[in-house]
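Chains as they are written, first to last, in UniProt numbering: chain A, 1 to 326; chain B, 1 to 326.
Number of protein chains: 2
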Amino acid sequence: MKVLVTGAAGFLGRRLIRALLARGELTGPAGKPVAIERIDAFDVVPLEGMNDSRVRPVTGDIADPAQIEKLIDADTLAVFHLAAIVSGQAEQEFELGMRINFDATRMLFERIRALGTQARFVMTSSVAVFGGAMPATVPDTQVWSPQSSYGTQKALSDLMLADYSRRGYIDGRSLRMPTVVVRPGKPNRAASSFASGIIREPINGVDAVCPVAPDTILWLMSPDRAIDNLLHGFELPKEKLTQGRVINMPGLSVSVQDMLASLRRIAGDEVARRVKMERDPAIERIVNSWPGNFSADYARSLGFVFDADFDSVVHAFIRDNAAPAA
Amino acid sequence: MKVLVTGAAGFLGRRLIRALLARGELTGPAGKPVAIERIDAFDVVPLEGMNDSRVRPVTGDIADPAQIEKLIDADTLAVFHLAAIVSGQAEQEFELGMRINFDATRMLFERIRALGTQARFVMTSSVAVFGGAMPATVPDTQVWSPQSSYGTQKALSDLMLADYSRRGYIDGRSLRMPTVVVRPGKPNRAASSFASGIIREPINGVDAVCPVAPDTILWLMSPDRAIDNLLHGFELPKEKLTQGRVINMPGLSVSVQDMLASLRRIAGDEVARRVKMERDPAIERIVNSWPGNFSADYARSLGFVFDADFDSVVHAFIRDNAAPAA
């Protein structure tokens, strides 16, 4: 099987590729495991340090039709589409966000439709599609009401994935992910970037700013569970997807103050004191429009997984952070 | 004020233009009535029989950027976008539906954004954005889950209108219309075409086929109320749109058998017997995916109107049908 991963140089992309290589096989439409012969690892920046003969790194512009034609051919029967412009940047650079977060996704669907392969296609959506007045626990039946261009673009892509799947052009699954915490590396322009920063930076001896109120409730998933769910989302037989192709993932509902209490409990007072509370209205406006808890009944019934508590999320970061970069 | 109406040669477009001409003015962003000096009446087919110096008929391709540039200029501060490929045809001709129902709408928004006019923009959406398991009365918070490409394309356009409005590029209002009944003229390729046909054809002495079960519940609005609501949707101050720009319209929830009972009551047994019951699974699948009743609380609070009962809808058709074509 030939697999395409977009956003391959991102932190989830790298982890996904490592997980695919470690498994060596994937169960697709045939219903039994098939060996992964090749992974086309696409990103706008080069993927480095992934030394495996099955991985072919490719760089380019994901919204260029000629690039897409080269990326996906009749043998590409599995796609994990993770490439995206993050929420803060998509809000500031509207045209770029539309082009990468929506137009490129549509072009990928169109390419598969033109080939007639009905490739299985997993992508990540976001809780940023929700907004406005909502119950404390958001049901699967909650209307989409994005309060950001990022959320809008994810919802547009979700609608297209669902219709292309309904028509039999692709076999799509869009996983509406919680904020993935703790991300390694540097802060990015996602409005949710602080949610990793307030754990990662202090543990690495660096001060961090928390731009939202302590009682802000976040909906989180660890990187480990995110990868588990991407693979599970791929391998689910399509017959099981009785309530649609766009699936609110389960997650962990936790307040910022409880996150900081975990940090203090695990890493100590001195580390926890590196977090400064400085509210930023622009970030608060976006983050507070995202719900802090979801029923995710459909996802639970399909066997998607979630983290038991935030302490285990911090422990997992400390474990990964101490390991040599891969 | 210069007004653009797309889909101007369609039956709602013609009625809307006549209503605009009769009023002679519209209340826009300035908050007070402004005289309508010109109506650009755009359609793919020529608009005929509209003899008023204020009306300028234009024909062309709504998805052609050069055409859109000509249609909308810095003086175009009011747009009623009614042009669409109907549901049945959009299901059969996927690319055409995407191009007209979504890409063209996006281009109109982009044109206004490029001009920087923040033009007020009213368009019609559809209950076809809903589908799957739903409560008998659908709340405003119901998730979108289109079961047709038409519904998908309307939902895509709704999301774009909301984001362009939020960003201040346009001042958009999308009215999610019930099925408009009774349409004059000939059957079209909308899956809902029969809902007018089973009243119109018998009254005009022609046999009609009803392709759905008698207990099918439809969500309806008369042409008079549709025009009232388009104008009301335009004139609402944007400050009142506190729950978003995409508004489920109120309507009349009625079963097919009750519609036929109205026909019999008003037009007599002989007329009612011209309706033959012949179920068509392709039409039933689409129509049954549409809800038959909505709370429409937000629209009601904003003053949108609806029909009191189906008898008055039939009477209005008989009145219009007897009048000389305008």
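The beta carbon of each residue, even a glycine, is placed where N, CA and C say it ideally should be.
Model, not experiment: these values are computed from the prediction.
Identify which residue in B/T105, B/V254 and B/I318 has its Cα closest to the Cα of B/D61.
As a working mapping, residue 61 of chain B is identified with position 61 in the second sequence. B/D61 has its Cα closest to that of B/T105, out of B/T105, B/V254 and B/I318.
So B/R106 is in the alpha helix (DSSP H); what residue range does that whole segment cover?
Mapped onto the second sequence, residue 106 of chain B falls at position 106. Counting along the chain, the alpha helix (DSSP H) containing B/R106 begins and ends at A104 to L115.
Could you give the C-beta distance for residue 346 of chain B and B/I199, rounded to a whole number, given that I count them as a contact under 8 Å?
Because chain B is modelled from 1 through 326, residue 346 of chain B falls outside the range shown and cannot be assessed.
Would the beta-carbon of A/D307 fall within 8 Å of that of A/L252?
Within the first sequence, numbered from 1, the residue matching residue 307 of chain A stands at position 307. Within the first sequence, numbered from 1, the residue matching residue 252 of chain A stands at position 252. Yes, Cβ-Cβ distance for A/D307 and A/L252 is below 8 Å.
I'd like to know if B/L156 contacts chain A, where contact means its C-beta is closer than 8 Å to some C-beta of that chain.
If you number the second sequence from 1, residue 156 of chain B lands on position 156. For B/L156, the answer is yes, since a Cβ of chain A falls inside 8 Å of its Cβ.
Could you tell me which residues DSSP puts in a beta bridge with A/A208?
Looking up residue 208 of chain A in the first sequence gives position 208. For A/A208, which the question treats as bridged, DSSP gives the partners A/V275.
I believe residue 367 of chain A touches A/R120 by the beta-carbon criterion, under 8 Å. Please report the beta-carbon distance rounded to the nearest angstrom.
Shown here, chain A extends from 1 to 326; a query on residue 367 of chain A therefore has no answer.
Please list, in chain order, the chain B residues whose beta carbon lies closer than 8 Å to that of A/L159.
Stepping through the first sequence from its first residue, residue 159 of chain A is reached at position 159. Those are W144, P146, T152, A155, L156 and L159, listed as they occur along chain B.
Anything in the segment 69–103 of chain B with a Cβ closer than 8 Å to a Cβ of chain A? List those residues in chain order, please.
F94
Go ahead and pull the three-state DSSP assignment for B/L218.
Translated into positions along the second sequence, residue 218 of chain B becomes position 218. B/L218: strand per DSSP, three-state reduction.
According to DSSP, simplified to helix, strand and coil, what is B/M123?
Taking the first residue of the second sequence as position 1, residue 123 of chain B is located at position 123. Strand.
B/P46: buried (16+ other C-beta within 10 angstroms of its C-beta) or exposed?
Here the question's residue 46 of chain B lines up with position 46 in the second sequence. So B/P46 ends up on the exposed side.
My assumption, with CB atoms under 8 Å, is that B/Y150 sits in contact with B/S87. Please give the rounded CB distance.
Working through the second sequence from its first residue, we reach residue 150 of chain B at position 150. Working through the second sequence from its first residue, we reach residue 87 of chain B at position 87. Yes, B/Y150 and B/S87 are in contact; Cβ-Cβ is about 4 Å, under 8 Å.
Establish whether the CB of A/A326 and some CB of chain B are separated by less than 8 Å.
The residue labelled residue 326 of chain A in the question sits at position 326 within the first sequence. In this prediction, A/A326 scores a pLDDT of 47, lower than 50, which makes its location untrustworthy; no coordinate-derived value is stated.
CB-CB under 6 Å to B/Q147, same chain, minus the five flanking residues each way: which ones, in chain order?
By one-based count along the second sequence, residue 147 of chain B stands at place 147. Excluding residues within five positions, the ones whose Cβ falls inside 6 Å are G131 and S289.
Roughly how many angstroms lie between the CA atoms of B/D43 and B/R54, to the nearest whole one?
In the second sequence, the residue the question calls residue 43 of chain B occupies position 43. In the second sequence, the residue the question calls residue 54 of chain B occupies position 54. One C-alpha to the other measures close to 17 Å.
To the nearest angstrom, how far is the alpha carbon of A/R99 from that of A/S157?
Position 99 of the first sequence holds residue 99 of chain A. Position 157 of the first sequence holds residue 157 of chain A. Taking the straight line from one Cα to the other gives about 12 Å.
Helix, strand or coil for B/S87, going by three-state DSSP, please let me know.
Walking along the second sequence from the start, residue 87 of chain B turns up at place 87. Note: B/S87 maps to helix in three-state DSSP.
Might you give, ordered along the chain, the residues of its own chain that have their beta carbon closer than 7 Å to the beta carbon of A/P211, omitting 5 neighbours on each side?
The residue you call residue 211 of chain A lines up with position 211 of the first sequence. Within the same chain, A/P211 has close Cβ partners F194, E278, R279, D280, I283 and E284.
Cβ closer than 8 Å: which chain B residues qualify as neighbours of residue 331 of chain A?
Coverage of chain A is limited to positions 1 through 326, which leaves residue 331 of chain A absent and any answer about it impossible.
Quick one: measure Cβ to Cβ for A/L108 and A/H81, integer angstroms, because I've assumed they're closer than 8 Å.
The residue you call residue 108 of chain A lines up with position 108 of the first sequence. The residue you call residue 81 of chain A lines up with position 81 of the first sequence. With 8 Å as the limit, A/L108 and A/H81 qualify as a contact, their Cβ atoms being about 6 Å apart.
So what's B/Q67 in DSSP terms, helix, strand or just coil?
By one-based count along the second sequence, residue 67 of chain B stands at place 67. Looking at B/Q67 - three-state DSSP - the assignment turns out to be helix.
Excluding the 5 residues preceding and the 5 following B/L17 in the sequence, name in chain order all residues of the same chain whose CB lies nearer than 7 Å to its CB.
Along the second sequence, read from residue 1 onward, the residue named residue 17 of chain B stands at position 17. According to the sequence shown, residue 17 of chain B is Ile rather than Leu. Excluding positions up to five away in sequence, the list reads V5, A8, I39, A41, M50 and V55.
Any beta carbon of chain A sitting closer than 8 Å to that of B/G172?
Position 172 of the second sequence, counting from 1, holds the residue named residue 172 of chain B. No, B/G172 does not count as interfacial toward chain A.
Starting from the beta carbon of A/T141, find every residue of chain B whose beta carbon is closer than 7 Å, and list them in chain order.
As a working note, residue 141 of chain A is residue 141 in the first sequence. Q142 and V143, listed in chain order.
Mind checking A/Q92: buried by the 16 CB within 10 Å criterion, or exposed?
The sequence position of residue 92 of chain A within the first sequence is 92, counting from 1. It is exposed - the Cβ of A/Q92 has fewer than 16 other Cβ atoms within 10 Å.
Take B/K2 as the anchor and find which of B/F11, B/R15 and B/L21 has the nearest alpha-carbon.
The residue labelled residue 2 of chain B in the question sits at position 2 within the second sequence. Cα-wise, what sits closest to B/K2 is B/L21.
On the three-pair Cβ rule with 8 Å, is the segment 254–262 of chain A touching the segment 297–314 of chain A?
yes
Comparing the C-beta of A/G292 with each C-beta of chain B, is any distance below 8 Å?
Numbered from its first residue, the first sequence carries residue 292 of chain A at position 292. For A/G292, the answer is no, since every Cβ of chain B falls outside 8 Å of its Cβ.
Excluding sequence positions up to five away, which residues of its chain have a Cβ less than 7 Å from the Cβ of A/I36?
If you number the first sequence from 1, residue 36 of chain A lands on position 36. Result list for A/I36: M1, V3, L20, G24, E25, L26 and R54, in chain order.
Compare the C-beta of B/G244 against all C-beta atoms of chain A and say whether one is closer than 8 Å.
Reading the second sequence from its first residue, position 244 is the one you call residue 244 of chain B. Yes, B/G244 lies at the interface with chain A (some Cβ there is under 8 Å from its Cβ).
Tell me, please, whether the CB atom of B/D258 is closer than 8 Å to any CB atom in chain A?
Counting from one through the second sequence, the residue named residue 258 of chain B turns up at place 258. Not an interface residue.
Which bits of chain A does B/G132 rub up against, with CB to CB less than 7 Å?
In the second sequence, the residue the question calls residue 132 of chain B occupies position 132. Chain A residues near B/G132: Q243 and G244.
If you follow the alpha helix (DSSP H) that A/F194 is part of, which residue opens it and which one closes it?
The residue labelled residue 194 of chain A in the question sits at position 194 within the first sequence. From DSSP, the alpha helix (DSSP H) with A/F194 extends over S193 to I203.
To test your reading of the DSSP string, which unbroken alpha helix (DSSP H) runs of 4 or more residues are found completely within the segment 241–298 of chain B?
256–267, 269–272 and 281–288
Going by the DSSP bridge assignment, what does B/D171 pair with across the sheet?
Along the second sequence, read from residue 1 onward, the residue named residue 171 of chain B stands at position 171. B/D171 pairs with B/R120.
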